[in-house]
Amino acid sequence: MMNLFDLTGEVAVVIGATGVLGGAVAEGLGLAGAQVAVVGRNAERGEACANRIAQAGGTARFFAADAIQRDSLRAAHRDIEKALGTPTILVNAAGGNDPKVTVTAEHSFEQIALDDWKANFDLNLVGGVLLPCQEFGPGMVARRRGSIVNFASVSAHLPLSRVVAYSASKAAVLSLTQFLAREWARQGVRVNSLTPGFFPAEQNRRLLFKEDGTPTPRAQSILDHTPMARFGEARELVGAALFLASVKASSFVTGTDLRVDGGFLSQTI
Ligand SMILES: NC(=O)c1ccc[n+]([C@@H]2O[C@H](COP(=O)([O-])OP(=O)(O)OC[C@H]3O[C@@H](n4cnc5c(N)ncnc54)[C@H](OP(=O)(O)O)[C@@H]3O)[C@@H](O)[C@H]2O)c1
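Note that the sequence shown ends on residue 251 in the working numbering; no numbers are left out.
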């Protein structure tokens, strides 16, 4: 029987593969046979991710790019085409919350500065999805072959307290995903999103853990609200990402959002 998750012959660009979740997905794609372009700003973490994939028998290279700068993405795209070929898979994992746009007892909603709000939208929506799709989408459309996986959040579905700009920008990620799914459906390009629940990573460390490593009251309340009563581990996202990335596994799936959240969004009381 055909291996539904075999990605041999695919070229996968993973933006934010320098981070915890993007890195795990990049490794999963590499082990499934795709050639992987590990993209981000941090060269040390990017090279380390590419090396892990190579050591496991895959093919990967790090390409430095700032996702919110069109020119920077374009330069990385040129290098990726030369080194690996035309991308057929794009995973948009760059993103995160920013304490400057987080509501706290000392920093109210009304005090959020417009520039800080815009910067968080730039990260999660513009660099997180818009510019990479504008940069890599047309090559996929031209070849009539492609899968794009955008990272959303549980906060895109119903906004969590405090993380107001993050929630609004991730809700916009769902909308843009569905827009592009419809736009490119007849041109062989599928566009879906992945909603991770709570996975300890760099961008949320301060919200989840105190300096001594114990959970913050917010983390405890997240765990109390998660039917599986635990955080996710990055490797637990890989199967869902492979499913959406692989045309053999999900050829009729576009415009959907796949939740990997331990049941968080199914919980009420
Ligand atoms: N962890 C969770 O619980 C969780 C839950 C829901 C959704 N998510 C989403 O999952 C995605 C990955 O986050 P993570 O949790 O793995 O956090 P992370 O480890 O902090 O990774 C964030 C990534 O974003 C990249 N990034 C930030 N600004 C960038 C820019 N201008 N250009 C290119 N890359 C940039 C960072 O790379 P460089 O520093 O190298 O640029 C890093 O690789 C994000 O979209 C996040 O919102 C995470």
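Glycine included, C-beta positions come from ideal geometry on N, C-alpha and C.
1) May I ask you to check if the CB of Glu9 is nearer than 7 Å to at least one heavy atom of ligand 1?
2) Examine ligand 1 and report whether any of its heavy atoms sits within less than 7 Å of the Cβ of Gly1.
3) Beta carbon of Ile35, beta carbon of Ala42: below 8 Å?
4) Going by DSSP, name the residue or residues bridged to Ala133.
5) Indicate the three-state DSSP secondary structure (helix, strand or coil) for Asp53 in the structure shown.
6) Considering only the alpha carbon of each residue, which of Leu11, Phe103, Gln116 and Asn132 lies closest to Val148?
7) Where Arg127 and Phe91 are concerned, what is the direct C-alpha to C-alpha distance, given to the nearest angstrom?
8) Closest to Arg144 by C-alpha separation, out of Asn174, Gln169, Thr159 and Asn186, would be which residue?
9) Go through its chain and collect everything with a Cβ distance to Pro81's Cβ below 8 Å, but skip five positions before and after it.
10) Looking only at DSSP bridge pairs, what is Arg241 linked to?
11) Roughly how many whole angstroms lie between the Cα atoms of Gly40 and Ala(-6)?
Once the coordinates are examined:
1) Against the sequence shown, residue 9 aligns to sequence position 27. Not under cutoff, so the answer is no.
2) Locating residue 1 in the sequence shown gives position 19, counting from the first residue. Yes; taking the cut-off as 7 Å, the Cβ of Gly1 has a heavy atom of ligand 1 nearer than that.
3) Taking the sequence shown and counting its residues from 1, one reaches residue 35 at position 53. Taking the sequence shown and counting its residues from 1, one reaches residue 42 at position 60. Taking 8 Å as the Cβ cut-off, Ile35 and Ala42 qualify as a contacting pair.
4) For the purposes of this step, residue 133 is taken as residue 151 along the sequence shown, with counting starting at 1. The amino acid at residue 133 is misidentified as Ala; the sequence shows Phe. In the DSSP assignment, the residues bridged to Phe133 are Leu176.
5) Here residue 53 is taken as the residue at index 71 of the sequence shown, counted from 1. In the structure shown, Asp53 sits in a helix (DSSP, three-state: H, G or I).
6) Residue mapping note: residue 148 aligns to position 166 of the sequence shown, counting from 1. One detail in the question is off: residue 148 reads as Tyr in this sequence, not Val. Closest option to Tyr148, judged by alpha-carbon separation, among Leu11, Phe103, Gln116 and Asn132: Phe103.
7) As a working note, residue 127 is residue 145 in the sequence shown. As a working note, residue 91 is residue 109 in the sequence shown. In a straight line, the C-alpha of Arg127 is about 43 Å away from that of Phe91.
8) Residue mapping note: residue 144 aligns to position 162 of the sequence shown, counting from 1. It is Asn186.
9) Numbered from 1 along the sequence shown, position 99 holds the residue referred to as residue 81. For Pro81, same chain residues with a beta-carbon under 8 Å away, outside a window of 5 residues either side, are Arg188 in chain order.
10) As a working mapping, residue 241 is identified with position 259 in the sequence shown. Its beta-bridge partners are Thr177.
11) Counting from 1 along the sequence shown, the entry for residue 40 is found at position 58. Counting from 1 along the sequence shown, the entry for residue -6 is found at position 12. When rounded, the distance between both Cα atoms is 12 Å.
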